[in-house]
Structure formats: C-alpha cells, structure tokens
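Residue numbers for the sequence shown follow our numbering, so the first one is 74 and each next one is one higher.
We put the beta carbon where it would ideally sit given N, CA and C, even for glycine.
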Amino acid sequence: MSGDRSRRTGTIFSASALILCCSAFFFAASVSAANEQTVAFVMKALTNPFFSKMELGAKAYANQHNIPLEIFGVDRETDVERQISIVENLIARGYGAIVIAPTDSKQLVPACQKALASGIVVINVDNPFHKATLHEHGAAIPFVGSDNHAGAAQVGDYVMRRLNGRGRVVVIEGIRGVENADLRKAGFMEAITQDSHIEIVASASANWHTDEAFSLAVELLETHAPVDAVFCANDKMALGVLQALDISGLAGKTVLAGYDNIEAVRSEMQRGRVHATVEQHPELMGQVGVALAVKALAGEKLPHYLPIPVDLVTHETFGKTIALSISSQHNPFFASLQQAAQNAAQLHGAKLVAADAQDSNAKQLSDLLTFLNTDIDALIVNPTNTETVVPGIELANTLKIPVITVDRKAAGGQTICHIESDNAEGGRMAARMMARLLNGKGRIIELEGIPGTSAAMERGAGFHEALKAFPETRVVVREVADFERQRAKAAILRAMRRGVTFDGVFAHNDNMILGAVDALETGQHSGDKVLIGFDGIQAAIAALQQGRIDATIAQRPERMGELAVVSIARFWRGEKPAPLIRVDLEVAEK
C-alpha cells in the first residue's frame, strides 16, 4: 500500500508541477502579448529636471495618440548596470519598443542589440551610442537628439566674446566616454580657443552631479586662480560650481555657463549669476522618440538620424520686454507668427507684448507710438503698409530701440534685421505650378493683397515674371481683395456674374483662395478650376487634402516669429544679426 501511495503522491506532485509550469508559461506568454504594442521609455536620472521634461513630452504625445507607454529610469546617471538590468527585463517581458537615453554610449549597446535580435524596436535619444561599438555589434539604431558639439560651440563663442578673447577657463565635464559629454567638451574647447588667447587651465569630470561639481570646483578654483570662466557640460553641475563661486565671493563675476536650460539655472540667469546655457528641447526628444517607435512598430522605415534643434540662452535677454505689432491677428498666418514669437520670448526669459493693428495703417501707427511711450527694449513690426509704418520706426530709431521687420518690409527707417520668405520666388513657383496644371494654356483670375504691402507687390511681380514663359497662360482679371476671405469671395462672385471665363485662380494668400473656394462652391464650379494660394496655413492644407484647392506656396510663419526674437537676443548679446534672413518656401500640392 505504501508503494502505491508513493506512486500516487509522485503522480500528484508531477501533475502539480506541470500545472505550475504551464501556468507560468501561459502567464509569461500573456504578459508578453500584452506588452507587444507597449513603448518602454528608459531614461537616466529621473531626478534631473532635463529628463522630467523629456518624460512630460513622451507622455503628452502618448496620451494624445492613445499609445501604451511606460517610463523607467535610474537614480544616478552613473548607474549603468541598473539601466542594463532594466533593458534585460524589458526584453524578457516582450515589450514592443524601447526608447532609451543611455547612461553609457558603449556598455548599453550589447543589451540593445539583444533587444533588436528579439524583434524589439529600439530608438536612441539624447545621448548617441558610440558608432564603432554599434558597428562592432552589427546594430543599427535610429538616433533622436541635438548636435551636442554645435550646442557647446555656441557657448564657447559666447564666452570668448565675453572675455574679449583673453582669459583662464575651467571645464567641468560629464561622464568621460559618454558621447554627449565628450562632444560638449570638444565643441566648447574648440570654439573658445580658436583665434583667441584663452587658456584652458583645467578640465575634469564631475559625472553630471551637483555635489561632485561643487567639491571639484572648490579645489580647481583655488588651484588655478584666477579663473575667468567655467563651462559645465550640464546645468546640474553648473549649480554645484555656483555654490563654490559663492564661497569664493566670485558669483556673478566669473562667467559661468551650463547646458540644458533647467529652471533652477534660469532663475540664476535672471539674477546674473549664471550667464549662459543651451536649450536642447528634451520634450521634443521624448515626443519624437515615442512617435518613431510607433512608426517602427507599424513597419515604417525610419531615418537614421532625426535632429532636434539647440538654442543658446543667455542672461542678457532676461527681464527684457519685446513689443510686437502684428498686422492682423484674425489672419491665421500672423496668429501663428505671433504665437511662435511668444514662445521664443519665453524661452529667452523676455516678455512679449503684442498689439493687433487689425489691418489699419492708422491703428498700427498709434500702437507703435503707445509702445514707444512705454518701457520696451525692442520692437518687432509686421507692417500693414510699407510706407505708413515708417514714422513709427524712425521714432524707435531716435529712442535707440532696435527694430526688426517681419514678412513685410518698411520703406524707410533703420532696422537691424528683416525676416521674410522670398515672396517674388514664391510668386514664380505659383506661376509655374499654375501653368503645369493648366497644361500651358488657360485664363486666370489673380486676387491681390493689400496695395502697398511688400508681400502683395513681390508675389504679384514674381507671378507675372514667371508667367511670361507661358504665353498661352494669362491673367484676365486682377482684383484687390486685401488678403481677406470675404472680399475674395465677393470678387469671384462678381467675375462669375459678369460672365468672365476663367480656368484658374491665384491668390496672394490662403485666406483669399479659401474665399475663392467659397464662391465657386456657391456657384457649383469647384471641380473645374485650378486654385493656388500662398502661405500654407492649416485651413488651406486641410482644403488641399480634401481636394478643394490644388496647391499653396507654404511659408513658415512660426519660423519667422521665432527668428525675430532670436535675432533680437543676438543683438543684445553683442552679435550682429544678418540684415536679411530668408525663410524657405515649398509647394504643397495634392
């Protein structure tokens, strides 16, 4: 009996073990299946505000697009083994994609290659993997990040100008062997020593940490005194160096620069105790990293490198006020321009105040006089009219307030910079597109913008110049519609009532081409006319996608607004902005 009981007990234990094993297998399989579409975002120290911004960007994009996302990180940026362990765990749990900001550019490569071999998408953000190590392991991993060498070179140029090309400088490095740390050190040192008499008296690593930077700076400032400037490869180390400068009574006197544009450093820049940092938009890295992971999961081919812009931010702009006179906030093009200028001013620590001229020459001049009677430090003008804006600009010149014009020129007065698209070339692009779509033969109605604005004059001139190459494509009606949708609609309806025969419409802006659409759809003639606008506003792109218009010459108003503020920032820190900055155009078509 005892033998039978033993066999039965063994059978029960074997069955139980089998059930447990099967349960574990099916549990692991179900976990893996549940994670197949999940994006894991693996960052460095989650306590670093830089990575907090990256996390916010990733989460915002994931929430907006209903993407399953989980965030992972380590306590200190030197904890390489812990980050490797996280990646190994994600592989075991069968995550669909891993977006990683590696703590080390070489040591994380084997784990990421293992993920690739397991069919997991891997996207590298912020700190690029070491190219030779990737090649050695046969790994091809897309990178999303800024040009660390170029960003640090901007800091080097700035510090060199601050020191008038002479002085003694200390460099506080990040973790040696980490790509972004090495690139920042190299970019800064190459820029600051080029054609200068500046000496790098010490360069040592504080491993990205505030406490280590403080201890190191206390030693280096004493050993190598006098020190004229200190560059830190991230802002957390700059805060540690600032503590050391405080102890030495040198805070605000020694030029101090960091990298990352964290909020604590911005506060010290407002007080003039930190002089420069670099914004590399970690929120965009987070957003783009997740977006690329999702595309890869859908089988799309990814670019090898997707650059994120860097911006030099310096203390000279903090606390300043920039006035913006916009021709019409009702126009989506100018609304986008204003919003971008607002965002750029905030980035550079400046205040932007704006006034809407409502397309009135008199109101714009009144707005300018109001601005100039208040305490402003710079003026951006988007003229309603080339001539009528001149007295306001001349008064700003008298008061020594720097002026920038954007999109439309002024006929007089002195400006430090003008920012525009090449409107004449845009007109030529529209003419070539019109002739192609009409097969070289057709009758056109041209809807003109506000008379006297450079945009209207140049777009029209470019259009007619290029149209000469197509003698059977000609303008039969030219109507002024003042860049307004309702006036454009009325102009087309008048032409239709008069029995004008036409094959296409070119409008000097998108508001007017949408007005033409309104008129044609009212008259049920929308399908047989070639319709081309100018600006590339969101409503026109939507109409393009719906097949209601054929093309628009797309400008980038947001880039214009951003560049206007950046040019003022350069002026304030002693640089000379280019007198004319052109923003690229492109044809958006069906």
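Three-state secondary structure (DSSP) of residue i
i	result
D177	coil
V351	strand
S398	strand
F644	helix
D480	coil
H537	helix
T546	strand
V573	coil
A435	helix
R166	coil
V603	strand
R551	strand
T471	helix
R516	strand
H388	helix
E521	strand
L511	coil
D450	coil
S191	coil
T459	coil
F579	strand
A627	strand
R655	strand
K393	coil
A423	coil
E531	helix
Whole-angstrom C-beta distance between residue j and residue i, which should lie under 8 Å
i	j	result
V172	A212	Contact flag wrong, Cβ pair sits at about 15 Å.
G218	V198	6 Å
A539	A504	4 Å
D583	T625	6 Å
E252	S178	4 Å
A170	M116	With 8 Å as the limit, A170 and M116 do not qualify as a contact, their Cβ atoms being about 15 Å apart.
H210	Q186	4 Å
E545	K514	4 Å
G238	H208	At roughly 40 Å, the Cβ-Cβ gap does not stay under 8 Å, so G238 and H208 are not in contact.
V351	Q227	7 Å
M585	A554	5 Å
Euclidean distance between Cα positions of residue i and residue j
i	j	result
G247	T151	10 Å
R664	E272	Given a span of 74 to 663 for the chain in the structure shown, any question on residue 664 remains unanswerable.
P665	G130	Not covered by the structure: residue 665. The range shown for the chain is 74 to 663.
K204	T394	45 Å
V112	S276	39 Å
V386	A286	22 Å
Q611	H403	14 Å
R621	V590	7 Å
R257	N280	13 Å
C490	D268	27 Å
D220	P382	8 Å
V147	H282	14 Å
I474	D448	10 Å
L420	R632	14 Å
M506	A259	47 Å
E56	A371	The question about residue 56 has no answer, for the chain in this structure spans 74 to 663.
L425	Q437	17 Å
V463	L445	14 Å
G609	G392	34 Å
Q137	G422	29 Å
Residue i versus the options, residue with shortest Cα-Cα distance
i	options	result
A661	R257, R646, D623	D623
L379	I214, P122, L604, V153	I214
I517	G533, I245, V243, I654	G533
N512	V462, C490, P464, D576	D576
S278	A254, K649, A259, E263	A254
A564	A414, A592, T471, F145	A592
V242	F406, F261, P650, P475	F261
T176	N162, S158, Y168	S158
V479	S439, L653, F202	L653
H317	D284, E336, D333, H348	Here the sequence assigns Ala to residue 317, which means His is not the residue at that position. Residue D284 is the option with its Cα nearest to A317.
I399	G499, T390, E389, A413	A413
T327	G609, V300, Q353	V300
#### Entry: Residue ranges of each alpha helix (DSSP H) within the stretch 196 to 251, 4 or longer
204 to 209, 221 to 235
### Task
Please specify which runs of the beta strand (DSSP E), each continuous and at least 3 residues long, are wholly inside the stretch 296 to 384, giving them in chain order.
302 to 305, 328 to 330, 349 to 352, 378 to 380
### Task
Return the chain-ordered ranges of every beta strand (DSSP E) run that is complete within the stretch 259 to 297 and spans a minimum of 3 residues.
270 to 278
### Complete runs of the beta strand (DSSP E) confined to the stretch 113 to 153 [at least 3 residues]
142 to 147
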